[in-house]
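Right, one structure below, let's go through it.
Protein chains: 2
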Amino acid sequence: MYSVAIEDYLKSLWKLGPKDVGTQELASHLDVKPASVTKMVLRLTEMGLVDHTPYKGASLTRQGELEALSVVRRHRLLETFLSQTLGLGRDQLHAEAERLEHALSKELEDAIANYLGNPVRDPHGHPIPGPNGELPGGFDIPLSDCPLNKSLTVMQIPDYDSLVSSWLETNGIFPGVKLIIESRDDFDGGINCKIDNNEVRISSSIASLVKVSQED
Amino acid sequence: MYSVAIEDYLKSLWKLGPKDVGTQELASHLDVKPASVTKMVLRLTEMGLVDHTPYKGASLTRQGELEALSVVRRHRLLETFLSQTLGLGRDQLHAEAERLEHALSKELEDAIANYLGNPVRDPHGHPIPGPNGELPGGFDIPLSDCPLNKSLTVMQIPDYDSLVSSWLETNGIFPGVKLIIESRDDFDGGINCKIDNNEVRISSSIASLVKVSQED
DNA sequence: TATAAAGTTTAGCCATGGCTAAACTGAAAA
DNA sequence: TTTTCAGTTTAGCCATGGCTAAACTTTATA
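So the protein sequences, as listed, match chains S and U.
For the first sequence, the residue numbers in this note's numbering are 1 to 216.
For the second sequence, the residue numbers in this note's numbering are 1001 to 1216.
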């Protein structure tokens, strides 16, 4: 089993990928200094988990990707499990899973997946990778890219930013909710939606983080 | 929050205490070398968690004891939670809780305790310390110290030795089971019990690890 | 095209928590 | 009382994963 730090680096590279990720970008995502990233990326390259081109960036090898997917699977299974059993709020799930994911054995992972009936989405709507890294489909598109006056269903919301999370919560936006975009602000990209007969204005930055599906 | 290593040292000192614990004893319990223990004990003393007399031994301060009880509480709540929700076998619980206990936030600890209805015993019958370190009573006595021909109820079984655990499991010895000691081998201390109308011979070493209560 | 700025890497430091080998203590045996 | 030896501590090493400061690339700007 890899250390917490290594798992965190692989997970961040996966989230920021598949493009080459710069030292600075990775550093700010992990909340460490760029010099620490360079050092660690060299070690990961040595271990065959990462490809690194100096002054250009780093990306996961297939092996690194599989390991990252394993961490993501544990994270999303834990979120689903904690939500189902303890009824934790969507806003608490991420932080708890973030710490527990590194301490989950394969056996416990299997037991949880089995208990939950091998779910394909976590409570934020994010796809849960399979035990061998298979990432379930998904043609979900950013709400910010959708046409007006079509019936849309919210599929995925972000989990890492607690400010965004609580805004979404209080505005009733979570997976499964249906909405229609009624107008778009040409100037700043903000959109006006109808949700459950309520009018809600969503800023473009948030709209780009919410993924929806479009009825045929 | 203290590191995994520090929490492990405190927990071991608690389990081996309250007497002064020698360097060697602590080292073998933690599976590290004595020199590593001496170094760490000095740090813990510096931190006010441990009292150390050179060449004599170490014991927990009140602060160290409270921290140890907090780790034990998390461990035993996790065992209970994993048993109830996932139905894990008593033999798997210990190892999983051992890793997860260090990653459990106060909030999640509270949520689990609440979900379980603030249990006072874990699946091995061990008392679960309260949120402020209160250790629920218990006049349970080692099976090896009990008189013959009295009705006894198994209250606590050990959790750390998987060989002992599986022997107990296959012989139907777990908390709640009633038994009677019919005879004792004067030579090696082994005892012959009647459990559920079956005869079971229990070695003295195992009998000293099983705690029972005696009906008035 | 030369230079400034932004981003990356290197060098060298620190704390943590292991290790081995050697020195030291104290209690039991000679 | 002296010696022995088991147990403890010290000294000094190592890997991990952070950090800062300084050097180096690359890219963009003048």
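C-beta atoms are modelled at their ideal positions from N, C-alpha and C, and glycine is treated no differently.
Predicted, not measured: the structure shown is a model, and the values here were computed from it.
Item	Value
Under 9 Å Cβ-Cβ, which residues of chain U neighbour residue 113 (chain S)?	Neighbours of residue 113 (chain S) on chain U: none; closest Cβ ~11 Å, over 9 Å.
Which chain S residues are close to residue 1105 (chain U), counting only those with a beta carbon under 8 Å from its beta carbon?	95, 96 and 99
In chain order, which continuous runs of the beta strand (DSSP E) of length 3 or greater are located wholly inside the segment 164 to 211 of chain S?	178 to 184, 191 to 195 and 198 to 202
Please report how far the alpha carbon of residue 1034 (chain U) lies from the alpha carbon of residue 25 (chain S), in whole angstroms.	43 Å
Are there 16 or more other CB atoms within 10 angstroms of the CB of residue 1159 (chain U), so buried, or fewer, so exposed?	buried
For residue 1142 (chain U), name the three-state secondary structure that DSSP assigns.	strand
Give the interface partners of residue 77 (chain S) over in chain U, defined as CB-CB distance under 7 Å, in chain order.	Result: empty, since nearest Cβ-Cβ is about 12 Å, beyond 7 Å.
Among S:180, S:186 and S:84, whose alpha-carbon lies nearest the alpha-carbon of residue 200 (chain S)?	S:180
How far does the beta strand (DSSP E) with residue 155 (chain S) in it reach, from first residue to last?	151 to 156
Does any residue of chain U have a CB that is nearer than 8 Å to the CB of residue 85 (chain S)?	yes
Compare the C-beta of residue 1116 (chain U) with all C-beta atoms of chain S and state if any pair is closer than 8 Å.	no
Should residue 63 (chain S) and residue 86 (chain S) be called a contact, given that it needs their Cβ atoms to be closer than 8 Å?	no
Could you check what DSSP says for residue 32 (chain S) in three-state terms: helix, strand or coil?	coil
Does any CB atom of chain S fall closer than 8 Å to the CB of residue 1102 (chain U)?	yes
From the DSSP output, in three-state form, read off residue 1052 (chain U) for me.	strand
Quick one: is residue 1057 (chain U) buried, meaning 16 or more other Cβ sit within 10 Å of its Cβ, or exposed?	buried
Which partner residues of residue 21 (chain S) appear in the DSSP bridge assignment?	S:58
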